[in-house]
Amino acid sequence: MRADPEQTSRRSNTRSFGIYARCFAFLRPYWRLVVLSYTFFFFISGLTLLIPQFIRWVVDHGMETGDMRIITYAVLALIGVGLVKGVLTFVEGRSLEMVSQGVAYSIRKAIHAKLAALSFSYHDKTETGELLSRTIQDVERIRFLTGRALQRMLEGIVLASGTAVILFSMNPQLALLALISTPFVVAIAFSFGRRFRPLSLRIQQQLAVLTTRIEQNLRGARVIKAFAQEEEEIRKFDLENSRWFLLSRRAARLRAFNIPVMQMIASIGMIFVIWFGGRLVIRKQLTLGEMVAFTAYLSQLTLPIRRLGMVIAVLAQAASAGERVMEILDERSQVLERPGAAELKGIRGQVSFERVSFSYFHQLPVLSGISFDVEAGQLVAVLGTTGSGKSSIINLIPRFYDPTEGRILIDGVDIREVTLNSLRSQIGIVLQDTTLFADTIKKNISFGAPEAGEEQIIGAAEAAQAHEFISQLPDGYDTFVGEQGRTLSGGQKQRIAIARAILSDPRILILDDATASVDTETERLIQIALENLMFGRTSFVIAQRLSTVRKADLILVLHDGKIAARGTHSELIRSSGIYTDIYNRQLKPPVPSKTMAAGRAGSGATGNNEATDEVEI
Amino acid sequence: MSFTIGTGDTQFHGPGQIMRTMGQEQERKALNLSTLLRLLVFLKPHWQRMLLAFFLMLISSGVTLLTPYLIKIAIDRYITQGDLAGLGHIAVLTALAFLALGLSTAGQQYILSWVGHRVLSTLRADLVRHLQRMHLGYHDDHIIGITLSRVINDVEVINQFLSDGLINLIGDSLIVIGIVTVMILMNPTLALVTFSILPLMILATTLFSRRAKMAYSTTRTRVAAVVGDLAENLAGMRVIQAFAQEETTQKKFDQVNRDNRDAHVQAMSLAFMFLPAVEFLGILAMAIVLWFGGYYVTRGAISIGTVVAFLSYVTRFFTPIREISQIYTTMQASMAGGEKVIELLESEPAIHDVPDAVKLSEIRGQVEFRRVTFSYNELPVLEDINLTIEPGRTIALVGQTGAGKTTMANLVARFYEVGNGAILIDGIDIRTIAQKSLRSQMGLVSQDPFLFTGTIADNIRFGAPEAPIEAVIRAAEGANAHGFISRLPAGYDTQIQEGGVNLSNGQRQLICIARAILADPRIIILDEATASVDTLTESLIQEALERLFSGRTAIVIAHRLTTVQNADLIYVLDKGRIVEVGNHQQLLSHGGIYRELYEKQFIDKEAL
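Going line by line, the protein sequences match chains A and B. The working numbering applies: residue 14 is where the first sequence begins, and numbers increase by one. The working numbering applies: residue 1275 is where the second sequence begins, and numbers increase by one.
So this is what it looks like as structure tokens:
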């Protein structure tokens, strides 16, 4: 959600000031360039104010007296000044650009580092699109603020006051008349800027709405056609389209009237110069050169003043952009490394939960009082209905979240006492929703172990049953996957994710053994891969298959955040009603029957959808 | 620096804007007359307004030429002669000229902008309408992002040229010609000396625009790289943290981030070289006028007023020239964009209604494939398919990926046209039925549960926009979706985010089923609808589907054989042909492909 512009203007000034201060603090590493460019800027402004004086000089002392030498000197000096000004402008512009681009670079870097440090609970509640827009567009606004916007503001002020001083020193009466309309131009420029910027933002947003509508129409073409809703969709588009037109028309009207009106008011000063200045020249109270210089000064003032109006409007936007960016930078991770945390050295893989409770965002408890011990190398199957807390248990082990109560020990060490990096690098994770990065297959497999050699990568791929299909690809392990590369099927991606976990050779493994939407052969391959992966490691499996629970050393049956039953398959099938129930519904091989859904509704847990459901890796 | 009287507004763009307008990469397409004519047609409904704008442009160009001349007269005839009354007159005249300039510019800008946006919105609406009419296959062959950019970006460039560009091109040319004429008339020698700056100006502009194109396109690639890398890291943040690779990714991001910074500094440095260079050339021109002018004045050959007028003309001279070169760039872009847009508008939908297409009223729901053959891109997909589904029956299509199951479903909805043979609904060839009336009898629940941005309620009533909320809730209840929807904080008014990320796949599927229930079609097509949901949600979906199927003809496509066991008849497809038919029991005992598929699928689960 974008902040609405009116809200922005109501923001208290002190708060905006604090945000500006923090934005400008990013200039600090570049202070030398800042000093350089602003020093140059003042020189440039001085030269700008000097140039009309050459014209005056030529007219008064050259042409009037017929002294060609004076004209030549003046003209050569003018060229010299022009040259110097050009060089200074280049250096100033380039340094200021380096400064402001540097600011953008530093802020983006800081945001990225922050996002990587924030725990899952932050990423659960934020949207990628929103974070992207803050990191790209909002940072761009801050960049403009710290660079050209500040410079333009100063330019307007310096040129306007400099011009006023010079004009008054040449002729106070004429100066007063010539500048009489300037405050009005400034006022109109400000009010135009204030009205036009928000409007152009709204037009952009409306264009984004239009774009989304069309995109959805294209993506959902099959659904639209299937439900014969073409007319309705066109109607909806027309609505948004005409909204866009009305906004654009308002902007057009605003621009078409304000800019010429500003020019007309500005030209009042010019007419005074011709009329009153002309009279003064006739009465010999003003030289002709001075009069010409007056017109030159007036015309070079128009643009900086108009830009001033625009810059003021940009300031308000930069404040809200700054606020959104600082919000990210100020965010505190829910999972923090203890200062001076030790490295977790080569573990055996023994895991204990001691009265662990957990809730998301301090709301409903998801887990309460969970205790269990797992010996190194054992296989733990976690079972339960959706929302029973299965995924929460496994997310706590790598400290994606921290328990609200109790503690988790690995080889007897509280996991909050060790560094996140050393903890997580000994845990491997493979879940159904596999993320691959836009890179080569090789790089994706070695993601967790960037130094791995070719043979190791191939070895991992072989164990993950992925070597065969990879080597059939034209580019083999160098095949580029992801957006601009080759698209892999779900089953292929899953096997690469398994290879990735195998290669990082973790002592503890967390996985989801579901293999949906793949054909039967692929499913068999994935099973083999998973078995290779689990071999010899402490494994926590969100079990969907009978073969897993039958092999498990410990089955944890979760219900409403508590362990409802524990044991092995053969124990539980005799003793636990809830296990038998889940076994019948989720695990038992389907028996061909006419009543496929009989007795499945109505169970308390059915369709229960707490936050846990969305929290997957 | 600049010495203009009156309009100084387009004098200097900021460095960023210069970069954007002159750095646009264009395909080198010469002026294409037929495309231009075709584009001009879009202006036809607004010809009166355009004519008015044209006249206003003539006025403003004329006044722009006139004002320096008025100053010259003021100086030469009145100020230096001491004529106070004449000075008063000329001041009034100048004031009137400024007024005329302001009014005509305002009118011209408003009209052009109005026409531009009107044309733009009409063109977009036309395109959207056209895209809705296109057959589904069109969307298979065209990347969505590209089509989108036709409707958003290409149309925009066309409009820029048609509205602003065209008239400004004429206006600017008139001003340039006018200034040249006036200067030569006032003093040919001084005029020619001043024009010697012109080749330098053209050289600077050409050099800059050539480099700017490269530099600017680099910056765009670099920005895209930053966005891409960040988006990917955000999407994969859980994996990054799980594998403790924060530092590696930070390093990678730093690289693209730094590249982006450097590319921008590089590109902007060009602009910061170009702008002062142009400014310097302006000063040089001024110096030339001052020196030669001063020389002639001291000789008494010209008046001081002429020199002042020259100074003013010279600064006005370069702006339109630079604008013309920008408009030329816009024109190239709009020719290229125009061709693509016109091509899109003129593409014919492959499937359209026959002239006297039948409108179906109540159908019973009998579906028949009669010797149906279909190929896609000349590869045979279906061959000689014959089957009849009686009203109210459920049939299942089973087979490996690529066997042709989905194609059969698409053919029934006439998303594609059959190659040979015919598909009949209640005995009527679907090619003789109006598409809208055919499809309003059908419901589709597909593998990818597509939801539109909007509320959940809007999504459920998608096929029946008028349905009251009670009907929506009833449909959701039937789809086993009411439970989870009512537990959401905003209930049925929950906004679906793009792509439906805030709901699980299973939940989205349940909403799609509710959508189909509410649309109340006679024929239901279910395309792998339960492929990617967990077992428990699957059972909820199964139950919802049974309700949906009751009393309707249903065609079910599934990988998982659990889903199809209850079908009245199962057709096993292999390489585009029906190879086995029967119910679950019959097919199992038959011992063919079906049994093989079944055994493979349960190999793990039956290994008890």
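Where is the CB? At the ideal position from N, CA and C, for every residue including glycine. From a predicted model like this one, the values you see are computed outputs, not experimental measurements.
Per DSSP, residue 575 (chain A) is one residue of the beta strand (DSSP E) stretching across 575-580.
Cβ neighbours of residue 1655 (chain B) within its own chain (closer than 7 Å, five residues either side excluded): 1648, 1649, 1678, 1681, 1850. In the DSSP assignment, residue 116 (chain A) falls within the alpha helix (DSSP H) that extends over 81-130.
DSSP, read as helix, strand or coil, puts residue 1692 (chain B) in coil.
Sixteen is the threshold: when 16 or more other Cβ atoms of the shown chains lie within 10 Å of the Cβ of residue 476 (chain A), as they do, the residue is buried.
Under a 10 Å Cβ-count criterion, residue 1410 (chain B) is classified as buried, with 16 or more other Cβ atoms of the shown protein chains found around its own Cβ.
Under DSSP, the beta-bridge partners assigned to residue 1647 (chain B) are B:1694.
Around the C-beta of residue 1488 (chain B), fewer than 16 other C-beta atoms lie within 10 Å, and the residue is accordingly described as exposed.
Judged by DSSP in its simplified three-state form, residue 1603 (chain B) adopts helix.
Going by beta carbons, residue 1632 (chain B) and residue 1706 (chain B) fall inside the 8 Å limit.
For residue 453 (chain A), the three-state secondary structure derived from DSSP is strand. In the displayed model, residue 1731 (chain B) falls within a helix according to three-state DSSP. Put simply, of A:159, A:100, A:303 the residue whose alpha carbon is nearest the alpha carbon of residue 182 (chain A) is A:303. At a cut-off of 8 Å between beta-carbon atoms, residue 1578 (chain B) makes contact with chain A. Sequence-ordered contacts of the segment 1525-1536 of chain B with chain A read 1527, 1528, 1531, 1532, 1534, 1535, 1536 [C-beta pairs closer than 9 Å].
Interface with chain A (8 Å Cβ-Cβ cutoff): residue 1437 (chain B) is excluded. Among the CB atoms of chain A, one or more fall inside 8 Å of the CB of residue 1392 (chain B).
If you check each beta-carbon in the segment 1497-1509 of chain B against every beta-carbon of chain A, the ones closer than 9 Å belong to 1497, 1500, 1501, 1502, 1503, 1504, 1505, 1506, 1507, 1508, 1509.
In the structure shown, the three-state DSSP call for residue 543 (chain A) is helix. For residue 240 (chain A), the secondary structure class from DSSP, reduced to helix, strand or coil, is coil. Shown here, residue 386 (chain A) sits in a strand according to DSSP, grouped into three states. Contact between residue 112 (chain A) and residue 160 (chain A) is confirmed by a C-beta separation of about 6 Å, below the 8 Å threshold. Taking 8 Å as the CB threshold, residue 1336 (chain B) stays off the interface with chain A. Those residues of the segment 1312-1339 of chain B placed with their C-beta closer than 7 Å to a C-beta in chain A do not exist. Between the segment 202-218 of chain A and the segment 1684-1692 of chain B, the count of Cβ pairs shorter than 8 Å is below three; the stretches do not touch. Beta-bridge annotation (DSSP): residue 1654 (chain B) is paired with B:1649.
From the beta-carbon of residue 103 (chain A), the residues of chain B found nearer than 7 Å are 1546, 1547, 1550. For residue 294 (chain A), a Cβ of chain B is located within less than 8 Å of the residue's own Cβ. Here residue 1739 (chain B) is exposed. Its C-beta has fewer than 16 other C-beta atoms within 10 Å. For residue 64 (chain A), the enclosing alpha helix (DSSP H) begins and ends at 44-70. Apart from the 5 residues on each side of it in sequence, residue 355 (chain A) sits with its Cβ closer than 6 Å to the Cβ of 431 in its chain, given in chain order. In the DSSP annotation of this structure, the continuous segment of the beta strand (DSSP E) that includes residue 1670 (chain B) starts and ends at 1668-1672. At the C-beta level, residue 127 (chain A) and residue 344 (chain A) come within 8 Å of one another.
Considering only A:388, A:480, A:125, A:487, the residue with the shortest C-alpha distance to residue 1501 (chain B) is A:125. Residue state for residue 1560 (chain B) is assigned as helix, using DSSP reduced to three classes. With contacts defined as CB atoms closer than 8 Å, residue 1826 (chain B) and residue 1666 (chain B) qualify as a contacting pair.
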